[in-house]
Each structure stands twice: as C-alpha cells, then as structure tokens.
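Read the structure below first, then the notes.
Residue numbers (the numbering used here): 674 to 954.
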C-alpha cells in the first residue's frame with residue numbers, strides 16, 4: 674500500500690477529536706495579506722473554508738484589501754494625504770474604497786469559495802446595520818471604529834447553510850460610509866458572535882519572543898507584559914490589541930498565524946501542534 678496513503682489516513686484519524694471539538698463552533702477568519710493576491714493561495718484558502726463548513730464548523734470570513742485600494746487610487750489618479758502615517762479617507766477616496774472592498778475583493782473571495790463547492794454570500798458592514806461606526810479620528814475623514822455590531826444577519830446566513838464573507842465597510846449614524854481596518858472589523862464581528870476562535874491571518878508566523886522564536890501560546894496578561902517590555906512591537910501591537918479586545922468581548926481564544934502557509938486554518942484547528950500563536954485566558 675502506498676506510504677503516502679497511510680500517512681494521509683493516519684492524519685485524518687488523528688484529526689477526529691478536533692473535528693468533534695469544533696462541530697457547531699463559530700470561527701471568524703480574518704483573510705488578508707499576500708495570500709489575497711495569489712490565485713493559487715486564494716483557491717487553497719477557499720477549499721479550507723468549504724472543508725470547515727463541511728465538517729460542521731460555522732466559518733465567517735472578514736477580509737482586507739489595502740493593496741487593491743492603493744492600486745485603484747493610483748489608476749484613477751486620486752492622491753491621498755496622510756496624517757501621522759495614516760491615509761486620510763476623504764469623500765472621493767471612500768467611494769473607491771467601498772467599490773474595491775465590497776465589489777472587486779469581496780466578490781473574488783465569494784467566487785473562489787463557490788467554485789470550491791461552498792455557498793458564500795458577500796456583504797459589508799452596511800448590510801442590515803451589521804457594523805455601525807463612529808469616526809476613529811476626525812482628521813482621518815471617513816475612517817471608522819465599530820461602535821455597534823449586530824450579528825443577526827450572519828447567524829441567519831449560517832442557518833441557511835451559507836458562508837458569510839464580510840467587507841470592512843461600516844455605516845455611520847448619519848448615513849455616512851466608513852472604511853474600517855480589516856483586523857479591527859474582524860475582531861468586532863468575532864466579539865459580537867462570541868466566536869469560539871478568531872483566526873487572524875497575517876504575513877508573519879506569529880508572535881515572537883526576543884530571540885525571534887514563535888511563541889505557541891500566551892495569556893492576555895503575558896501579551897500585555899511582552900508589550901510593556903518591548904518584545905511585542907511595531908505592526909504586531911495593533912494585532913495583539915485586536916486579539917485582546919476580541920477576547921474581552923467574549924471570543925474564547927485568538928490565534929495569530931501565517932496566512933501564507935498552506936492550509937494554515939486546518940493546521941491550527943485540526944492538528945495537535947496547531948499553527949501560530951494561541952492567545953487564551
């Protein structure tokens with residue numbers, strides 16, 4: 674008998690307790706980074722999401738799309754101002770942001786999941802008042818911070834056998850449209866759903882210690898201490914802050930993992946060693 678077949682069978686057998694563990698669980702996955710721009714990686718991600726649903730998990734995908742926004746703004750000749758390194762989203766820019774995120778990027782992910790045999794439904798935070806926003810900083814224009822999240826529509830989609838794919842666009846109380854940081858939007862949705870797991874896919878292997886080694890598991894207190902000590906720094910700080918905020922809102926655990934790794938979600942959920950950094954408790 675082919676040795677590879679035996680290894681595959683053993684892997685499936687060893688996955689049984691994890692499959693049982695996550696049956697009926699809600700898992701929110703933030704999808705972004707380099708994997709979004711690679712057709713093969715997109716197809717692989719889509720198959721993983723369909724597999725999750727097939728084994729009884731309720732997946733929710735929340736995506737970003739910064740590089741695609743930059744590309745479209747350049748193509749249209751729209752120049753951006755920056756305040757403290759952050760893009761000012763004016764009226765012209767928010768139109769492009771919504772077009773790219775809710776249109777091009779969202780529907781590309783939806784199509785990939787559908788082609789893999791799933792039933793994905795694309796929406797944004799504006800649909801059914803999923804995400805109501807307040808301005809995060811008046812100087813940044815139409816950049817929003819989630820103030821209220823109503824997950825009713827997501828639960829209804831799950832009940833009908835659909836996979837929600839959410840673009841990080843929110844509605845303001847005065848009818849405005851707000852751009853939301855993708856990680857922030859995903860964390861807010863995960864918190865509102867009291868998700869069992871929030872998988873934050875990034876372009877790094879996870880949270881690293883001072884020696885550069887990936888830390889496989891941390892508590893919230895340890896995350897705060899590592900941040901105070903300067904070990905968690907730079908771009909990892911907002912990701913760990915998002916993780917802690919999601920846990921404070923009711924998420925059972927958050928995993929920061931490398932979305933570039935093949936089958937990263939499956940490795941994390943259905944194998945003993947997992948992937949990336951688990952933040953819990």
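For every residue, glycine included, the Cβ atom is placed at its ideal position computed from N, Cα and C.
Quick one: Cα of residue i to Cα of residue j, how far?
i           : j           : result
residue 705 : residue 682 : 31 Å
residue 804 : residue 844 : 6 Å
residue 780 : residue 692 : 29 Å
residue 891 : residue 730 : 24 Å
residue 915 : residue 899 : 15 Å
residue 906 : residue 895 : 14 Å
residue 792 : residue 848 : 30 Å
residue 800 : residue 819 : 14 Å
residue 695 : residue 717 : 21 Å
residue 834 : residue 827 : 11 Å
residue 953 : residue 684 : 26 Å
residue 955 : residue 951 : Only positions 674 to 954 of the chain appear in the structure, and residue 955 is not among them; the question remains open.
residue 840 : residue 798 : 7 Å
residue 867 : residue 817 : 22 Å
residue 919 : residue 735 : 14 Å
residue 901 : residue 882 : 13 Å
residue 794 : residue 777 : 14 Å
residue 766 : residue 753 : 8 Å
residue 831 : residue 933 : 27 Å
residue 740 : residue 874 : 16 Å
residue 917 : residue 893 : 7 Å
residue 784 : residue 689 : 30 Å
DSSP has residue i in a bridge; who is on the other side?
i           : result
residue 938 : According to DSSP, residue 938 bridges with nothing at all.
residue 890 : 951
residue 759 : 756
residue 851 : 843
residue 930 : 874
residue 794 : 837
residue 814 : 762
residue 881 : 887
Nearest by alpha-carbon distance to residue i: which of the options is it?
i           : options               : result
residue 719 : 836, 698 and 745      : 836
residue 724 : 948, 950, 943 and 947 : 943
residue 732 : 770, 812, 852 and 829 : 829
residue 852 : 810, 728 and 945      : 810
residue 821 : 807, 850, 929 and 812 : 807
residue 935 : 947, 924 and 925      : 947
residue 686 : 849, 945, 797 and 908 : 945
residue 927 : 754, 862, 882 and 802 : 862
residue 930 : 788, 880 and 908      : 880
residue 712 : 751, 776, 688 and 788 : 788
residue 748 : 735, 757, 769 and 736 : 769
residue 782 : 737, 753, 745 and 763 : 737
residue 796 : 824, 939 and 698      : 824
residue 728 : 740, 698 and 714      : 698
residue 772 : 743, 757, 755 and 760 : 743
residue 903 : 885, 715 and 760      : 885
Tell me where the alpha helix (DSSP H) around residue i begins and ends.
i           : result
residue 805 : Not the alpha helix (DSSP H): residue 805 falls in the beta strand (DSSP E), residues 804-808.
residue 819 : Premise fails: residue 819 lies in the beta strand (DSSP E), 817-822, not in any alpha helix (DSSP H).
residue 916 : 909-921
residue 717 : 712-727
residue 827 : 825-832
residue 746 : 739-749
What residue does the beta strand (DSSP E) around residue i start on, and which one ends it?
i           : result
residue 731 : 731-736
residue 950 : 950-952
residue 775 : Premise fails: residue 775 is in no beta strand (DSSP E) and is neither H nor E.
residue 870 : 870-875
residue 837 : 836-840
residue 701 : 699-704
For residue i, is the classification buried or exposed, using 16 other Cβ atoms within 10 angstroms of its Cβ as the cut-off for buried?
i           : result
residue 870 : buried
residue 726 : buried
residue 786 : buried
residue 721 : buried
residue 846 : exposed
residue 856 : buried
residue 703 : buried
residue 710 : exposed
residue 908 : exposed
Just checking residue i against the ligand ADP - is the residue's beta carbon closer than 7 Å to any of the ligand's heavy atoms?
i           : result
residue 767 : Within the structure as shown, the ligand ADP is missing, as the structure has no ligands at all.
For chain D, is any of its Cβ atoms less than 8 Å away from the one on residue i?
i           : result
residue 838 : Among the chains in the structure shown there is no chain D, since it carries only a single protein chain.
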